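Heads up: the sequence shown begins at 259 in this note's numbering, then just goes up one per residue.
Worksheet for the structure shown next.
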Amino acid sequence: MPARPTKHELKTCPRCGRLFECKLNNPVHCDCARVVLPEETMLAIQERFRDCLCLACLTELADGADLAGAGERGASGDAPIG
259 MPARPTKHEL
269 KTCPRCGRLF
279 ECKLNNPVHC
289 DCARVVLPEE
299 TMLAIQERFR
309 DCLCLACLTE
319 LADGADLAGA
329 GERGASGDAP
339 IG
């Protein structure tokens, strides 16, 4: 079965490792525009990650989750050092 055509970019979330469709080229539909984050959280995301996060991670962060997602955690569940 062929991949479904998309006019948006497929990306891997750097926080959790999920594949998601980034709609940055269409801000009206962009997941970033759907989630309200405190300014300090937005700044922390920009400092820690070089690319967009998926809607699930943005929602978790809006609800107060730690920046380290499941894809970033080590075997002990702690955020990586370094």
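Heads up, the beta-carbon is just placed ideally off N, CA and C, and yes, glycines get one too.
On a predicted model such as this, the values are computed, not experimentally measured, just so you know.
- Counting along the chain, the unbroken alpha helix (DSSP H) around L301 starts and ends at 297–306.
- Non-local beta-carbon contacts of T270 in its own chain, meaning distances under 6 Å to residues more than five positions away in sequence, involve L277 in chain order.
- In the DSSP annotation of this structure, the continuous segment of the alpha helix (DSSP H) that includes C315 starts and ends at 313–320.
- In this structure, V293 sits away from A323, with a CB-CB distance that is not shorter than 8 Å.
- In the three-state reduction of the DSSP assignment, C290 falls in the helix class, which pools H, G and I.
- In this structure G275 is exposed. Its beta-carbon is surrounded by fewer than 16 other beta-carbon atoms within 10 angstroms.
- Closest in alpha carbon position to C280, among G327, C312, A302, is C312.
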